[in-house]
């Protein structure tokens, strides 16, 4: 990535500078110093870490390359506004899993899968209790 005239160039492309058309190959074939003579400098953007947002940014030049420097702060996760039943539904086993477990228990006489799903269901109900009215 490069910067020219305060505009970022994310991938090589032809560029016109002072009325002269330069092909995209200058980004591959020219040295950093030759590009700098035209005002084109390597650019290193900064990206905030997950769960952070940018509160300020600045650029600084180091050895002919432009680096973005950022200050970040934590982002508060949005409040979970789902109802208890929506939260439960999101974590309950799928109908396909229930069908297979029921088949194994009733038809094949193997209750292990249905017992495991019931334990999971009880765990989810405890995690998201029904509100008292």
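Numbering (my numbering), first residue to last: 601 to 733. Glycine included, each C-beta is placed from N, C-alpha and C at the ideal position.
Ordered along the chain, which non-local residues of its own chain (more than five positions away) have a Cβ less than 6 Å from that of residue i?
{"i": "residue 713", "result": "701 and 704"}
{"i": "residue 688", "result": "724 and 728"}
{"i": "residue 711", "result": "705"}
Rounded to whole angstroms, what is the Cα-Cα separation between residue i and residue j?
{"i": "residue 732", "j": "residue 709", "result": "38 Å"}
{"i": "residue 648", "j": "residue 717", "result": "40 Å"}
{"i": "residue 624", "j": "residue 635", "result": "12 Å"}
{"i": "residue 759", "j": "residue 650", "result": "With the chain represented from 601 up to 733, any question about residue 759 goes unanswered, as that position is not in the structure."}
{"i": "residue 619", "j": "residue 677", "result": "50 Å"}
{"i": "residue 707", "j": "residue 683", "result": "36 Å"}
{"i": "residue 660", "j": "residue 646", "result": "12 Å"}
{"i": "residue 630", "j": "residue 603", "result": "15 Å"}
{"i": "residue 722", "j": "residue 679", "result": "25 Å"}
{"i": "residue 681", "j": "residue 675", "result": "18 Å"}
Determine, using beta carbons only, whether residue i comes closer than 8 Å to chain B.
{"i": "residue 656", "result": "Absent from the structure: chain B. Only one protein chain is present."}
Would you decide whether residue i is buried or exposed? Buried here means 16 or more other CB atoms lie within 10 Å of its CB.
{"i": "residue 617", "result": "exposed"}
Is the beta carbon of residue i less than 8 Å from the beta carbon of residue j?
{"i": "residue 628", "j": "residue 644", "result": "no"}
{"i": "residue 693", "j": "residue 730", "result": "no"}
Can you name, in chain order, every residue of its own chain whose Cβ lies under 7 Å from the Cβ of residue i, other than the five neighbours on each side?
{"i": "residue 715", "result": "none"}
{"i": "residue 613", "result": "624"}
{"i": "residue 658", "result": "669"}
{"i": "residue 697", "result": "717"}
Sorted by chain position, which residues of the same chain lie with C-beta nearer than 8 Å to residue i's C-beta, five sequence neighbours on each side aside?
{"i": "residue 633", "result": "664"}
Do the region 670-679 and the region 645-659 make contact, defined as three or more Cβ pairs closer than 8 Å?
yes
If you pair each beta-carbon of the region 624-641 with each one of the region 607-616, do three or more pairs fall below 8 Å?
yes
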